[in-house]
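Student:
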């Protein structure tokens, strides 16, 4: 007990809380930095993630890197590989397909409820979110485009009045960001068309057209899912073909 009292005397409660908060923010910053590199293709699937190297790159100790990597593993973004340690996980096409099926229903519901409950808030805040999204497209930054996309959809969840929609979607945004990054960085036309669809959704919410906006939202997600799954399949098939070709050349030597 005496030791505990001495510790409290040396490190007041507010200092301990400040240290914990700083550490938590540092872990979050490292997590975001690694995830951004994954979504932008700088860390492609099966890239090794070595703690010492990452700590040096980000100018931090190993502890926040270790904690950030554990979070990434829990979110399915990195995995353990035999004799290699942690590596970036390849995307699971079946999981992506299932995730977007669920998302289509939730986005449709969110937009319907937003049209019923939040047209005024949509009119006040929505246009600046659309403008921010189009500006993000102009920058060419995949990270900024994904952040703007998340902001728009989360705003719709917020004004829907149904808190469970946001709570249900929140754990999946980590993986969704990865999926979006895979496609956005290789397509010059898709980012602009996404924001055209967002603008049409916002217009229907502001007009209070619940049936119309639910249809628009579900079509928006359904179209995105088809594009993502098709391109991911093509990419993975190309990778497998490359592996087979290299294996054949080795066998012929």
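Numbering (my numbering), first residue to last: 310 to 562.
Even for Gly, the Cβ is constructed at its ideal location relative to N, Cα and C.
The model shown is predicted, which means the values in this text are computed figures rather than measured ones.
Go ahead and label residue 440 buried or exposed: buried means 16 or more other beta carbons lie within 10 angstroms of its beta carbon, across all protein chains shown.
Tutor: Exposed.
Student: Is it true that the CB of residue 423 sits closer than 9 Å to the CB of residue 522?
Tutor: Contact: yes.
Student: Residue 480: buried (16+ other C-beta within 10 angstroms of its C-beta) or exposed?
Tutor: Exposed, because fewer than 16 other Cβ atoms sit within 10 Å of the Cβ of residue 480.
Student: Using three-state DSSP, classify residue 505 as helix, strand or coil.
Tutor: The answer is helix: DSSP assigns residue 505 an H, G or I state.
Student: Return the Cβ separation of residue 530 and residue 409 in integer angstroms, given the expectation that the two are a contact with Cβ distance under 8 Å.
Tutor: With a Cβ gap of about 6 Å, residue 530 and residue 409 count as contacting.
Student: Quick one: what's got a C-beta closer than 7 Å to residue 466's C-beta in the same chain, skipping five residues either side?
Tutor: Around residue 466: 419, 474, 475 and 478.
Student: Starting from the N-terminal side, write out each stretch of the beta strand (DSSP E) that is 3 residues or longer and does not extend beyond the segment 341-415.
Tutor: Fully enclosed beta strand (DSSP E) runs of 3 or longer: 387-390 and 394-397.
Student: Any idea if residue 345 is buried or exposed, counting beta-carbon neighbours within 10 angstroms, 16 or more meaning buried?
Tutor: Classification of residue 345: buried, given that the 10 Å Cβ count is 16 or more.
Student: Counting along the chain, where does the alpha helix (DSSP H) carrying residue 436 start and finish?
Tutor: First-last of the alpha helix (DSSP H) with residue 436: 428-448.
Student: By Cβ distance, which residues of its chain are closer than 7 Å to residue 518, with the 5 residues on each side in sequence left out?
Tutor: Correct list, in chain order: 424.
Student: Where do the N-terminal and C-terminal ends of the alpha helix (DSSP H) with residue 453 fall, by residue?
Tutor: Looking at the DSSP string, the run of the alpha helix (DSSP H) that includes residue 453 is 451-469.
Student: Is it buried or exposed, residue 547, if we count other Cβ atoms within 10 angstroms and call 16 or more buried?
Tutor: Exposed, by the Cβ-count rule.
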